[in-house]
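Report on the following structure.
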Amino acid sequence: MNMNRSVEIGLFFSRIMIGLIFVLHGWSKFEGGISGTVGFFESIGIPGFLASVVAIIELVGGAAMILGLGTRVFAALFIVVMGGVLLTAKVGQPFMSGTEFEYLMLAGSLTLLFTGSRFLAVDHFFSRQGNARQKVSA
Numbered sequence: 012m013n014m015n016r017s018v019e020i021g022l023f024f025s026r027i028m029i030g031l032i033f034v035l036h037g038w039s040k041f042e043g044g045i046s047g048t049v050g051f052f053e054s055i056g057i058p059g060f061l062a063s064v065v066a067i068i069e070l071v072g073g074a075a076m077i078l079g080l081g082t083r084v085f086a087a088l089f090i091v092v093m094g095g096v097l098l099t100a101k102v103g104q105p106f107m108s109g110t111e112f113e114y115l116m117l118a119g120s121l122t123l124l125f126t127g128s129r130f131l132a133v134d135h136f137f138s139r140q141g142n143a144r145q146k147v148s149a
């Protein structure tokens, strides 16, 4: 197995796990009603409507990430979400007091933003189809 293939497989597993974690976190915000999350957001000074925005980004973005659809776009949105979490709900001692998870999700999202992930990704399939059409028409 060549190095590029190994890297792509590693990014694939990162993409799947990051996507799955965001799906589960987004789903949990809607499960039993979004009102609890709205209340929490408001209690820390964040407008309540952003609870739904964050939950949708996590749920839809996580599912898209698993499929490899818009990986870089959703990675950028996850970076915004994790940055928001670290600057509001988890403000305090960086890398301590239970913030390690958020920093890890931030780092994983940054990695996928810069690298993308082509292995078994819908985006890669569509880009290959487009490239094949360009070669045929040339």
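Just so you know, we're using our numbering here: the sequence shown kicks off at 12 and counts up by one.
The beta carbon of each residue, even a glycine, is placed where N, CA and C say it ideally should be.
Supposed contact pair residue j and residue i - C-beta distance, whole angstroms, cut 8 Å
| i | j | result |
| --- | --- | --- |
| residue 155 | residue 26 | The requested residue 155 is not part of the displayed model; the chain covers only 12 to 149. |
| residue 88 | residue 68 | 5 Å |
| residue 52 | residue 62 | 5 Å |
| residue 34 | residue 74 | 6 Å |
Residue i classed as buried or exposed, judged by whether at least 16 other C-beta atoms fall within 10 angstroms
| i | result |
| --- | --- |
| residue 56 | exposed |
| residue 119 | buried |
| residue 103 | exposed |
| residue 64 | exposed |
| residue 92 | buried |
| residue 76 | buried |
| residue 47 | exposed |
| residue 11 | In this structure the chain extends from 12 to 149, so residue 11 is not present and cannot be described. |
DSSP three-state assignment for residue i, whether helix, strand or coil
| i | result |
| --- | --- |
| residue 96 | helix |
| residue 42 | coil |
| residue 132 | coil |
| residue 18 | helix |
| residue 102 | coil |
| residue 73 | helix |
| residue 31 | helix |
| residue 4 | A question about residue 4 goes unanswered here, because the residues of the chain that appear run from 12 up to 149. |
| residue 107 | coil |
| residue 148 | Any reading at residue 148 must be qualified, since the residue scores a pLDDT of 48, below 50, and its modelled position is unreliable; no value is offered. |
| residue 80 | coil |
C-alpha distance - residue i paired with residue j, whole-angstrom precision
| i | j | result |
| --- | --- | --- |
| residue 58 | residue 23 | 35 Å |
| residue 30 | residue 50 | 25 Å |
| residue 112 | residue 94 | 12 Å |
| residue 70 | residue 101 | 21 Å |
| residue 117 | residue 20 | 20 Å |
| residue 129 | residue 79 | 7 Å |
| residue 42 | residue 13 | 43 Å |
| residue 108 | residue 32 | 20 Å |
| residue 138 | residue 60 | 36 Å |
| residue 124 | residue 37 | 20 Å |
| residue 84 | residue 122 | 12 Å |
Any chain D beta carbon closer than 8 Å to residue i
| i | result |
| --- | --- |
| residue 118 | Absent from the structure is chain D; it holds one protein chain and no more. |
Near the ligand GTP: residue i beta-carbon under 7 Å from a heavy atom
| i | result |
| --- | --- |
| residue 48 | You won't find the ligand GTP in this model; it holds no ligand whatsoever. |
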